[in-house]
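Undergrad: Provided herewith is a single structure, encoded as structure tokens, for subsequent inquiry.
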Amino acid sequence: MLQQFPEAEWDEAAGAIIAPLGQALAVAEWLLGQGVDYCSNVTGVDYLEREVKEKVTGEDGKMETVTRTIPSRMDVVYHLYSMQKQTGPLVLKQRTNREQPQVQSLTPVWRSCELQEREVYDLFGVDFTGHPDQRRILMWDEFEGHPMRKDYTEPFDYEWEPTPHNEILDKHHRGKVIV
Amino acid sequence: MSNATATAPNYELIQRDGLDTGLLEISMGPHHPSTHGVFRMDVKLDGETVVDLQPVFGYLHRNHEKLAENMSYLSSMPFTDRLDYFNSMTNNWAYALAAEQLIEIEIPERAEYLRVIMSELTRLVNHVSLVGFFVNDLGALGTPLLYAFREREKILDLFEQASGARMMCNYFRFGGLRNDVPEGWLDRAREVVDRFPKFLDEYEKLLCENEIILSRTQGVGNLSKELAISAGITGPMLRASGESYDIRKVDRYGIYDRFQFRVPYSEGDVGDCYDRFMVRMLEMRESIGILKQALDGIEDGPVLGNAPKVFKPKPAEAYGRIEAPKGELGFYLIADGTPKPYRFRVRPPSFINLTVLRDMCLGQKVADAVIILGSIDIVLGEVDR
Amino acid sequence: MTTPNTSPGIDLDDTTRAELERAGVIVSKVDYLYNWARGGSVWPLTFGLACCAIEMIASATSRFDISRFGSEVFRPTPRQADLMIVSGTVTKKMAPQVVRIYNQMPEPKWVIAMGACAISGGPFKQGYNVLKGIDRYIPVDVYLPGCPPRPEAVLQSLNYLQEKIRTQDIKSDPAFTVGRRQYPVPEFTGTDLEPPYNPEVWQPPANPNAQPLEEATA
Ligand code: SF4
């Protein structure tokens, strides 16, 4: 696979292949030819921009803390299996930006993406080029915004209350053991 | 077509036999007795024949995924019960399976056996109610449902004794089960299992060669094997189309490799409503076989492994899937090192099985569209989440 | 059997009543008879929203048998139904339809809010698409808590409803005097339903902990 598409990356931590930009359809078609005939799961993942503190060993051998900013991004994740060979899963990712997310639709290759890509479009706002019927699926048509994004804020409701879990998490951050 | 929400009728005139007739556009649902909940189909009819069908989702979109991303891992467990509310046990298992990939936990032997027992009982519950609803959709109003629910109640009693709740069991934990089954439970379960084939005989005698059922379901809603595979159809529906793909055999999750069972599938390449109905009938027999083996093999022991008090996995991704009664139920979790999942995704089998609803209904009568929907076996809690 | 004197306003002592009954005369009030009859034949709407609907169906099956209380006739069309059991989560997308169905039901009509979700949003209360209680749009007669309530509880809520029906006064009850009650159907907007609740039916209770609106939204 990596030989066929030299630009594809292997994401070790996630165990996933990241399809090169704009080539996802070609990758998918090639995979289909290899017997990967069943696309199980399609979903989006929204990564906000965040800062991580890392301890690195500097040149002089001293440990120092560096703050690194991980840029925001949007992933569309495909879980692929082969029914003929009964193998899998193979995780394929398409990576795009958050502001104007746009990826290639894989519906022409696997029909099962049809509804799921519509769902990703609805909840994450990812634009799938080549999707036959891209409309909102779960929310109503007039709805604005994409509720599964991490920075989505709900309309104000006087009944809003913090979940009990927030408190548990706070306690956890402060180092208290919870059961 | 009670309470079809009115949409502006679109009368494109068609000439046939010298008559000007129009296409009739009706919207079945979201409140319709045969849509199994709040599903809606926008159907375009030429006379009685379906010429177009658009499923409309979202009437039960309960934001399961968003809620789960805001709470700790274990607190999502009761929410998974409510996904496919017929099969809370299998939902629990799929979620536990995904979470157990994130953290190393050993699952005790007895828990594994009980998991298999619970999930096969769930399969019986689901298929038995499906048969009831399906025959209900065929027009036998009420009565078959009463029979189906009679069987269901017996199994729900077992669930209640084990977990304290009839439907929303919330019984699985990461690394095992919440508690052991009470004393004498296994004997009662065996009694229920031993009696079950008798009821199945009754169904088969009444339904499987029933003239009306045969003529209404055979050749209706055909689904070819190629389309089924490409559209990601799983579960009994895929096997009715001729592909014997069963995750219990492929992944061998849990301890399914220890049991002898066959995977019923249709040999022809038709995949009509009758095949889907029959595959489920046969699957129940196999489930009974598994249950008997599991009840024989189970031994005493603990039911909860060394699960950590705070479930806080290292950053990783996991996808766990099982063969739920409706198809492949998967959970995709992304951990980021906090006690909350960063991304929580459910791969709902009945949602994806609906991809081909339009293909199966085109050219059929509108009354058959109802049966086709019934034979897919959807539960709206899972379709919309 | 002597009919108990449940008809206030008619002062007959029990002996006279028994004597009359032996002669084939039952003295009662129209209200009592009428309410007794319709209380015993409430026809619910076949209307399932979510998980709770399954327990509602279970209450109609042979083990629990809702027909003992005269309500086994589930009608699929709202035009023939008296009782709407809102069984399950009402999402914002579904809420207009629920109100519309309610509007189509003829008087007298009743509503049972079944399950935590229909009462307040239940476990899914924090969801962006979940309505926090159907009583924001239509009046509810019986609240039936549980997640899901057991079928026995469904039967009990029906009993409560029958009790309520028995105390209705035909002359003054709005069901008979006002005509068919209809409530405005909420509209979809970009983020929420408009209006978020029907002030005629429901008002937000005073919440001592609530922040002022500007502060909370800022
Ligand atoms: S109250 Fe519980 S069982 Fe009923 S619809 Fe809501 S989540 Fe489902």
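Protein chains in written order, with numbering that gives the first Met the number 0: chain A, 0 to 178; chain B, 0 to 384; chain C, 0 to 217. Positions of the beta carbon are idealized from the N, C-alpha and C atoms, including for glycine.
(1) Sorted by chain position, which residues of the same chain lie with C-beta nearer than 7 Å to B:Ala317's C-beta, five sequence neighbours on each side aside?
(2) Could you give the residue range of the alpha helix (DSSP H) that holds B:Leu332?
(3) Can you list, in chain order, the residues of its chain whose CB lies under 6 Å from that of C:Thr1, leaving out five sequence neighbours each side?
(4) Got a sec, what are the start and stop residues for the alpha helix (DSSP H) B:Leu82 sits in?
(5) Taking only the alpha-carbon atoms, compute the straight-line gap between B:Tyr170 and B:Gly253 and give it to the nearest angstrom.
(6) Along the chain, which unbroken stretches of the alpha helix (DSSP H) at least 4 residues long are found entirely within the region 44-115 of chain B?
(7) Below 8 Å on the Cβ atoms is my contact criterion, and I expect B:Gly131 with B:Leu144 to pass it. Report the Cβ-Cβ distance as a whole number of Å.
(8) From the DSSP output, in three-state form, read off B:Asn2 for me.
(9) Taking a cut-off of 6 Å, which residues have a beta-carbon closer than that to any heavy atom of ligand 1, in chain order?
(10) What ranges does the beta strand (DSSP E) occupy inside the region 152-193 of chain C, keeping only unbroken runs of at least 3 residues that lie completely in it?
(11) In the DSSP assignment, find the unbroken alpha helix (DSSP H) run with B:Tyr273 in it and report its ends.
(12) Output the distance between the C-alpha atoms of B:Val55 and B:Asp268, rounded to the nearest integer angstrom.
(13) Between B:Met0 and C:Ile84, what straight-line distance do the alpha-carbon atoms span, to the nearest angstrom?
(14) Does C:Leu19 pass the burial test, meaning 16 or more other C-beta atoms within 10 Å, or should it be called exposed?
(15) Just curious, the alpha helix (DSSP H) that B:Lys197 is in, first and last residue?
(16) Assign A:Leu79 to one of three DSSP states: helix, strand, or coil.
(17) Measure the C-alpha to C-alpha separation of B:Lys339 and A:His145 and round it to an integer number of angstroms.
(18) 8 Å is my cut-off, CB to CB: does C:Lys108 come that close to chain B?
(19) At the 8 Å Cβ level, is A:His78 part of the contact set with chain B, yes or no?
(20) Taking 8 Å as the CB-CB cut-off, is A:Phe142 touching chain C?
(21) So what does A:Asn40 bridge to, in DSSP terms?
(22) For B:Tyr146, name the three-state secondary structure that DSSP assigns.
(23) Which residues, in chain order, does the region 128-139 of chain C contribute to contact with chain B at a C-beta distance below 8 Å?
(24) Got a sec, what are the start and stop residues for the alpha helix (DSSP H) C:Asp30 sits in?
(25) For C:Gln202, does the count of other Cβ atoms within 10 angstroms reach 16, so buried, or fall short, so exposed?
(26) Taking a Cβ distance cut-off of 7 Å, strictly less, list which residues of the region 20-51 of chain A are near chain B, in chain order.
(27) Enumerate in chain order the residues of its own chain whose CB-to-CB distance from B:Glu119 is below 6 Å, with the five nearest sequence positions on each side excluded.
(28) Under 8 Å, CB to CB, which of the residues in the region 192-219 of chain B have a partner in chain C?
(29) Does the Cβ-Cβ distance between B:Ala239 and B:Asp274 come in under 8 Å?
(30) Let me know if B:Tyr10 comes out buried or exposed under the rule of 16 or more other beta-carbons within 10 Å of its beta-carbon.
(31) On the DSSP letters alone, give me the boundaries of the beta strand (DSSP E) that A:Val119 sits inside.
(32) Going by the DSSP bridge assignment, what does A:Ala15 pair with across the sheet?
(33) Rounded to a whole number of angstroms, what is the C-alpha to C-alpha distance between C:Val200 and C:Phe187?
(34) Provide the residue span of the alpha helix (DSSP H) that contains B:Asp367, from first to last.
(35) At which residues does the alpha helix (DSSP H) containing C:Met55 begin and terminate?
TA: In terms of the structure at hand:
(1) Ala97, Gln100, Leu101 and Leu332
(2) First-last for B:Leu332: Gly326 to Ala334, but that is the beta strand (DSSP E), not the alpha helix (DSSP H).
(3) In this predicted model, C:Thr1 has a pLDDT of only 46, less than 50, meaning its place in the structure is not dependable; the value taken from the coordinates is given anyway. Answer for C:Thr1: Ala17, listed in chain order.
(4) Counting along the chain, B:Leu82 falls outside any alpha helix (DSSP H), and DSSP gives it neither H nor E.
(5) 16 Å
(6) Fully enclosed alpha helix (DSSP H) runs of 4 or longer: 63-68, 76-80 and 87-101.
(7) Contact holds; Cβ gap of about 4 Å.
(8) Residue confidence is low: B:Asn2 scores 38 on pLDDT, short of 50, so the model does not pin down where it sits. Its coordinate-derived value is still stated next. Three-state result, B:Asn2: coil.
(9) B:Arg81, C:Ala49, C:Cys50, C:Cys51, C:Gly87, C:Thr88, C:Gly114, C:Ala115, C:Cys116, C:Gly121, C:Pro122, C:Cys146 and C:Pro147
(10) none
(11) Cys272 to Gly296
(12) 29 Å
(13) Note that B:Met0 scores a pLDDT of 36, beneath 50, so its modelled location is shaky; the value from the coordinates is reported in the next line. Using only the alpha carbons, I get a separation of about 20 Å.
(14) exposed
(15) Trp184 to Tyr202
(16) strand
(17) 21 Å
(18) No, no contact with chain B.
(19) yes
(20) yes
(21) A:His78
(22) helix
(23) Of all residues in the region 128-139 of chain C, only Asn128 and Val129 place a beta-carbon less than 8 Å from a beta-carbon of chain B.
(24) Val29 to Gly38
(25) With fewer than 16 other Cβ atoms within 10 Å, it is exposed.
(26) Asp36, Tyr37, Cys38, Ser39, Asn40, Thr42 and Val44
(27) Ser286, Ile289 and Leu290
(28) Among the residues of the region 192-219 of chain B, none has a Cβ less than 8 Å away from any Cβ of chain C.
(29) For B:Ala239 and B:Asp274, yes; Cβs fall inside 8 Å.
(30) Here B:Tyr10 scores only 47 on pLDDT, less than 50, and its place in the model is too uncertain to base an answer on.
(31) Run containing A:Val119: none in the beta strand (DSSP E); it sits in the alpha helix (DSSP H), Cys112 to Phe123.
(32) A:Asp10 and A:Val90
(33) 19 Å
(34) Following the DSSP letters along the chain, one finds B:Asp367 inside the alpha helix (DSSP H) bounded by residues Val365 to Ile375.
(35) Cys50 to Ala59
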